Amino acid sequence: MIVGFVAAVLAALAYGTASVLQARGAAEVDDGAQQDEVPSAASTFAAMITVSFLIGFVLDALGFIGNMVAARTMPLFVAQPIIAANLVVTALLAMVVLHARLSVRDWMGIVLVIAALTVLGIAAGEEGHDDAGRSLHWGVLIAGAVLIGFGLVVMRFSGARVAVGAGLLGGVLFGVLAIAVRVVDGVSPFDLGRLLTDPAAYAVVVCGVGGFYLFTIALQTGSVSAAAASLVVGETVVPGVAGIVLLGDTVRHGWAVVAGVAFLVAIAGAIIVAMSSAVANVEAAG
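Be aware that the sequence shown starts at 1077, since it is given in this note's numbering, and climbs by one per residue.
Written as C-alpha coordinates, this is what we have:
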(Lines of atoms letter the chains of each structure in order from A and count residues from 1; the text may use other names and numbers.)
(Lines give C-alpha, C1' and ligand atoms only; values in the text may rest on other atoms or scores of the structure.)
Protein backbone atom coordinates (compact mmCIF):
# COMPACT_ATOMS: atom_id res chain seq x y z
CA MET A 1 0.00 0.00 0.00
CA ILE A 2 2.98 2.32 0.47
CA VAL A 3 3.51 2.39 -3.31
CA GLY A 4 -0.11 3.38 -3.81
CA PHE A 5 0.07 6.09 -1.16
CA VAL A 6 3.16 7.63 -2.76
CA ALA A 7 1.54 7.40 -6.20
CA ALA A 8 -1.64 9.09 -4.96
CA VAL A 9 0.30 11.94 -3.32
CA LEU A 10 2.40 12.45 -6.46
CA ALA A 11 -0.79 12.43 -8.56
CA ALA A 12 -2.34 15.10 -6.33
CA LEU A 13 0.82 17.20 -6.58
CA ALA A 14 0.90 16.78 -10.37
CA TYR A 15 -2.77 17.60 -10.89
CA GLY A 16 -2.66 20.61 -8.56
CA THR A 17 0.50 22.02 -10.12
CA ALA A 18 -0.86 21.45 -13.63
CA SER A 19 -3.97 23.51 -12.86
CA VAL A 20 -1.89 26.50 -11.77
CA LEU A 21 0.49 26.25 -14.73
CA GLN A 22 -2.38 25.97 -17.19
CA ALA A 23 -4.08 28.96 -15.58
CA ARG A 24 -0.83 30.88 -15.92
CA GLY A 25 -0.59 29.89 -19.58
CA ALA A 26 -4.15 31.06 -20.17
CA ALA A 27 -3.41 34.36 -18.43
CA GLU A 28 -0.46 34.96 -20.76
CA VAL A 29 -2.84 35.17 -23.71
CA ASP A 30 -5.20 38.12 -24.04
CA ASP A 31 -7.48 38.45 -27.05
CA GLY A 32 -9.33 41.47 -25.70
CA ALA A 33 -12.47 39.59 -24.67
CA GLN A 34 -14.50 40.91 -21.78
CA GLN A 35 -14.61 38.96 -18.52
CA ASP A 36 -18.02 37.40 -19.22
CA GLU A 37 -17.30 36.60 -22.89
CA VAL A 38 -16.25 33.20 -24.21
CA PRO A 39 -12.60 33.28 -25.37
CA SER A 40 -12.02 32.87 -29.08
CA ALA A 41 -10.79 29.57 -30.50
CA ALA A 42 -7.56 31.29 -31.55
CA SER A 43 -6.82 32.53 -28.02
CA THR A 44 -7.63 29.10 -26.56
CA PHE A 45 -5.19 27.44 -28.96
CA ALA A 46 -2.58 30.10 -28.20
CA ALA A 47 -2.95 29.38 -24.49
CA MET A 48 -2.59 25.63 -25.08
CA ILE A 49 0.79 26.03 -26.81
CA THR A 50 2.36 28.21 -24.12
CA VAL A 51 5.23 26.61 -22.22
CA SER A 52 3.29 26.75 -18.93
CA PHE A 53 0.24 25.04 -20.39
CA LEU A 54 2.28 22.30 -22.09
CA ILE A 55 4.16 21.53 -18.88
CA GLY A 56 0.80 21.39 -17.13
CA PHE A 57 -0.44 18.90 -19.72
CA VAL A 58 2.56 16.64 -19.10
CA LEU A 59 1.91 16.84 -15.36
CA ASP A 60 -1.73 15.90 -15.96
CA ALA A 61 -0.54 12.78 -17.80
CA LEU A 62 1.82 11.90 -14.96
CA GLY A 63 -0.98 12.52 -12.47
CA PHE A 64 -3.23 10.11 -14.35
CA ILE A 65 -0.55 7.41 -14.19
CA GLY A 66 -0.18 7.97 -10.45
CA ASN A 67 -3.96 7.83 -10.11
CA MET A 68 -4.05 4.44 -11.83
CA VAL A 69 -1.26 3.02 -9.66
CA ALA A 70 -3.02 4.23 -6.51
CA ALA A 71 -6.38 2.79 -7.58
CA ARG A 72 -4.83 -0.66 -8.09
CA THR A 73 -2.64 -0.80 -4.98
CA MET A 74 -4.60 0.75 -2.11
CA PRO A 75 -8.19 1.02 -0.84
CA LEU A 76 -10.23 3.37 -2.98
CA PHE A 77 -11.70 5.11 0.08
CA VAL A 78 -8.15 6.34 0.78
CA ALA A 79 -6.85 6.81 -2.76
CA GLN A 80 -9.67 9.01 -4.05
CA PRO A 81 -9.66 11.59 -1.23
CA ILE A 82 -5.89 11.93 -1.67
CA ILE A 83 -6.40 12.57 -5.39
CA ALA A 84 -9.11 15.14 -4.55
CA ALA A 85 -6.56 16.88 -2.33
CA ASN A 86 -5.00 18.26 -5.52
CA LEU A 87 -7.31 21.22 -4.83
CA VAL A 88 -5.21 21.95 -1.74
CA VAL A 89 -2.07 21.96 -3.89
CA THR A 90 -3.80 24.26 -6.38
CA ALA A 91 -4.83 26.70 -3.65
CA LEU A 92 -1.37 26.84 -2.06
CA LEU A 93 0.44 27.25 -5.37
CA ALA A 94 -2.07 29.87 -6.53
CA MET A 95 -1.14 31.86 -3.45
CA VAL A 96 2.55 31.79 -4.44
CA VAL A 97 2.46 31.84 -8.24
CA LEU A 98 -0.74 33.79 -8.95
CA HIS A 99 -0.66 35.90 -5.75
CA ALA A 100 -4.09 34.67 -4.66
CA ARG A 101 -5.19 35.27 -1.07
CA LEU A 102 -6.53 32.48 1.13
CA SER A 103 -9.18 33.19 3.74
CA VAL A 104 -9.41 31.73 7.23
CA ARG A 105 -12.05 29.32 5.90
CA ASP A 106 -9.68 28.20 3.15
CA TRP A 107 -6.95 27.43 5.69
CA MET A 108 -9.45 25.54 7.83
CA GLY A 109 -10.36 23.40 4.82
CA ILE A 110 -6.69 22.69 4.10
CA VAL A 111 -6.04 21.65 7.70
CA LEU A 112 -9.13 19.41 7.69
CA VAL A 113 -8.01 17.66 4.50
CA ILE A 114 -4.47 17.05 5.74
CA ALA A 115 -5.62 15.82 9.17
CA ALA A 116 -8.33 13.57 7.70
CA LEU A 117 -6.00 12.03 5.13
CA THR A 118 -3.46 11.32 7.87
CA VAL A 119 -6.11 9.48 9.89
CA LEU A 120 -7.31 7.59 6.80
CA GLY A 121 -3.76 6.47 6.11
CA ILE A 122 -3.48 5.09 9.64
CA ALA A 123 -6.93 3.48 9.61
CA ALA A 124 -6.68 1.84 6.20
CA GLY A 125 -6.27 -1.89 5.85
CA GLU A 126 -5.30 -3.68 2.65
CA GLU A 127 -6.81 -3.17 -0.76
CA GLY A 128 -9.34 -5.83 -1.61
CA HIS A 129 -8.77 -8.59 -4.12
CA ASP A 130 -12.36 -9.79 -4.35
CA ASP A 131 -13.49 -10.90 -7.78
CA ALA A 132 -16.82 -9.20 -8.41
CA GLY A 133 -17.21 -11.18 -11.62
CA ARG A 134 -17.31 -10.23 -15.27
CA SER A 135 -20.57 -8.40 -14.66
CA LEU A 136 -18.69 -5.58 -12.93
CA HIS A 137 -16.40 -5.17 -15.95
CA TRP A 138 -19.45 -4.70 -18.15
CA GLY A 139 -21.19 -2.72 -15.43
CA VAL A 140 -18.60 0.07 -15.32
CA LEU A 141 -18.73 0.44 -19.12
CA ILE A 142 -22.53 0.54 -19.20
CA ALA A 143 -22.61 2.90 -16.20
CA GLY A 144 -20.21 5.26 -17.95
CA ALA A 145 -22.32 5.39 -21.11
CA VAL A 146 -25.56 5.88 -19.13
CA LEU A 147 -24.03 8.65 -17.00
CA ILE A 148 -22.84 10.54 -20.07
CA GLY A 149 -26.29 10.29 -21.63
CA PHE A 150 -27.92 11.41 -18.40
CA GLY A 151 -25.42 14.27 -18.19
CA LEU A 152 -26.47 15.53 -21.60
CA VAL A 153 -30.09 15.55 -20.41
CA VAL A 154 -29.10 17.37 -17.21
CA MET A 155 -27.33 20.06 -19.20
CA ARG A 156 -30.42 20.56 -21.33
CA PHE A 157 -32.95 20.95 -18.53
CA SER A 158 -31.14 22.02 -15.35
CA GLY A 159 -30.70 25.67 -16.36
CA ALA A 160 -28.82 27.71 -13.76
CA ARG A 161 -28.01 24.59 -11.73
CA VAL A 162 -26.07 22.96 -14.57
CA ALA A 163 -22.71 23.51 -12.85
CA VAL A 164 -23.73 21.39 -9.86
CA GLY A 165 -25.37 18.63 -11.91
CA ALA A 166 -22.69 18.38 -14.58
CA GLY A 167 -19.90 18.69 -12.01
CA LEU A 168 -21.39 15.92 -9.86
CA LEU A 169 -21.91 13.60 -12.82
CA GLY A 170 -18.40 14.34 -14.06
CA GLY A 171 -17.08 13.40 -10.63
CA VAL A 172 -19.12 10.18 -10.58
CA LEU A 173 -17.66 9.30 -13.98
CA PHE A 174 -14.15 9.81 -12.60
CA GLY A 175 -15.17 7.61 -9.67
CA VAL A 176 -16.38 4.86 -12.01
CA LEU A 177 -13.10 5.26 -13.90
CA ALA A 178 -11.20 4.49 -10.67
CA ILE A 179 -13.26 1.31 -10.22
CA ALA A 180 -12.59 0.32 -13.84
CA VAL A 181 -8.85 0.86 -13.38
CA ARG A 182 -8.95 -1.32 -10.29
CA VAL A 183 -10.62 -4.31 -11.98
CA VAL A 184 -9.30 -4.13 -15.55
CA ASP A 185 -7.49 -7.27 -16.72
CA GLY A 186 -4.21 -7.47 -18.61
CA VAL A 187 -2.35 -4.76 -16.67
CA SER A 188 -0.27 -6.74 -14.18
CA PRO A 189 1.16 -8.85 -15.66
CA PHE A 190 0.73 -7.05 -18.95
CA ASP A 191 -1.31 -8.98 -21.49
CA LEU A 192 -2.43 -6.94 -24.49
CA GLY A 193 -4.94 -9.54 -25.61
CA ARG A 194 -6.74 -9.63 -22.25
CA LEU A 195 -6.58 -5.84 -21.98
CA LEU A 196 -8.18 -5.24 -25.38
CA THR A 197 -10.98 -7.73 -24.72
CA ASP A 198 -11.90 -6.37 -21.28
CA PRO A 199 -14.91 -3.99 -21.22
CA ALA A 200 -13.37 -2.26 -18.19
CA ALA A 201 -10.50 -1.04 -20.37
CA TYR A 202 -12.97 0.78 -22.61
CA ALA A 203 -14.78 2.07 -19.54
CA VAL A 204 -11.55 3.86 -18.55
CA VAL A 205 -11.59 5.73 -21.87
CA VAL A 206 -15.34 6.42 -21.88
CA CYS A 207 -15.45 7.63 -18.28
CA GLY A 208 -12.27 9.69 -18.63
CA VAL A 209 -13.44 11.51 -21.74
CA GLY A 210 -17.00 11.86 -20.48
CA GLY A 211 -15.95 13.10 -17.04
CA PHE A 212 -13.59 15.66 -18.54
CA TYR A 213 -16.28 16.86 -20.96
CA LEU A 214 -18.99 17.25 -18.32
CA PHE A 215 -16.68 19.01 -15.88
CA THR A 216 -15.54 21.39 -18.63
CA ILE A 217 -19.17 22.18 -19.43
CA ALA A 218 -19.82 22.76 -15.72
CA LEU A 219 -16.93 25.25 -15.57
CA GLN A 220 -18.14 27.11 -18.65
CA THR A 221 -21.80 27.36 -17.75
CA GLY A 222 -21.99 28.04 -14.03
CA SER A 223 -20.25 28.56 -10.73
CA VAL A 224 -16.69 27.25 -10.81
CA SER A 225 -16.72 26.65 -7.07
CA ALA A 226 -19.99 24.72 -7.21
CA ALA A 227 -18.70 22.59 -10.08
CA ALA A 228 -15.43 21.78 -8.29
CA ALA A 229 -17.19 20.97 -5.02
CA SER A 230 -19.67 18.68 -6.79
CA LEU A 231 -16.81 16.95 -8.59
CA VAL A 232 -15.13 16.15 -5.26
CA VAL A 233 -18.26 14.44 -3.93
CA GLY A 234 -18.75 12.33 -7.04
CA GLU A 235 -15.16 11.17 -7.45
CA THR A 236 -14.68 10.15 -3.80
CA VAL A 237 -17.97 8.74 -2.47
CA VAL A 238 -18.81 6.35 -5.33
CA PRO A 239 -15.44 4.54 -5.60
CA GLY A 240 -14.93 4.63 -1.83
CA VAL A 241 -18.18 2.78 -1.17
CA ALA A 242 -17.73 0.45 -4.16
CA GLY A 243 -14.23 -0.48 -2.99
CA ILE A 244 -15.57 -1.71 0.35
CA VAL A 245 -18.83 -3.27 -0.84
CA LEU A 246 -17.72 -4.84 -4.14
CA LEU A 247 -13.95 -5.19 -4.04
CA GLY A 248 -13.19 -6.05 -0.43
CA ASP A 249 -11.20 -2.98 0.64
CA THR A 250 -10.63 -3.18 4.38
CA VAL A 251 -10.18 -0.95 7.40
CA ARG A 252 -7.80 -1.69 10.27
CA HIS A 253 -9.58 -3.68 13.00
CA GLY A 254 -11.47 -1.38 15.35
CA TRP A 255 -10.98 1.68 13.15
CA ALA A 256 -14.15 1.50 11.04
CA VAL A 257 -15.95 4.41 12.70
CA VAL A 258 -12.81 6.55 12.78
CA ALA A 259 -12.13 5.83 9.10
CA GLY A 260 -15.74 6.68 8.20
CA VAL A 261 -15.57 10.02 10.00
CA ALA A 262 -12.17 10.81 8.48
CA PHE A 263 -13.50 9.99 5.02
CA LEU A 264 -16.40 12.41 5.44
CA VAL A 265 -14.13 15.10 6.93
CA ALA A 266 -11.72 14.75 4.00
CA ILE A 267 -14.58 15.29 1.56
CA ALA A 268 -15.91 18.25 3.58
CA GLY A 269 -12.46 19.83 3.70
CA ALA A 270 -11.96 19.35 -0.03
CA ILE A 271 -15.34 20.97 -0.70
CA ILE A 272 -14.35 23.95 1.47
CA VAL A 273 -11.11 24.32 -0.49
CA ALA A 274 -13.02 23.91 -3.77
CA MET A 275 -15.18 26.88 -2.77
CA SER A 276 -12.04 29.00 -2.29
CA SER A 277 -11.76 32.01 -4.57
CA ALA A 278 -8.13 31.01 -5.23
CA VAL A 279 -9.18 27.64 -6.69
CA ALA A 280 -12.14 29.20 -8.52
CA ASN A 281 -9.93 31.79 -10.20
CA VAL A 282 -7.44 29.14 -11.27
CA GLU A 283 -10.16 26.89 -12.75
CA ALA A 284 -11.80 29.82 -14.50
CA ALA A 285 -8.50 30.92 -16.01
CA GLY A 286 -7.68 27.39 -17.09
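Each residue gets a CB set at the ideal place from its N, CA and C atoms; glycine is no exception. What you are looking at is a predicted structure, and each value in this text was computed from that prediction instead of being measured.
| Item | Value |
| --- | --- |
| Start-to-end residues for the alpha helix (DSSP H) that takes in His1213 | 1210 to 1233 |
| C-alpha gap between Leu1086 and Gly1139, whole angstroms | 7 Å |
| Beta-bridge pairing of Ala1200 - partner residues as DSSP gives them | Val1327 |
| Contact between the segment 1269 to 1278 and the segment 1319 to 1336 (3+ Cβ pairs under 8 Å) | no |
| Distance CB(Leu1152)-CB(Gly1284) smaller than 9 Å | no |
| Spatial distance of Ala1254 from Ala1176 (CA atoms) | 32 Å |
| Closest Cα partner of Ala1279 within the set Tyr1289, Leu1249, Val1337, Phe1288 | Leu1249 |
| Status (buried if at least 16 other CB within 10 Å, exposed otherwise) for Leu1268 | exposed |
| Gly1227 vs Ala1303 beta-carbon contact at 9 Å | no |
| Buried versus exposed call for Thr1194 [16 or more other C-beta atoms within 10 Å across all chains shown] | exposed |
| 8 Å CB neighbourhood of Val1252 in its chain, flanking five on each side removed | Val1216, Ala1219, Gly1220, Leu1223, Ala1279, Cys1283, Val1314, Pro1315 |
| Helix, strand or coil at Asp1274 [DSSP, three-state] | coil |
| Close-in-space but distant-in-sequence residues of the same chain around Ser1425 (CB under 6 Å, 5 per side omitted) | What the structure shows of the chain is the stretch from 1077 to 1362, and residue 1425 is not part of that stretch, so it cannot be assessed. |
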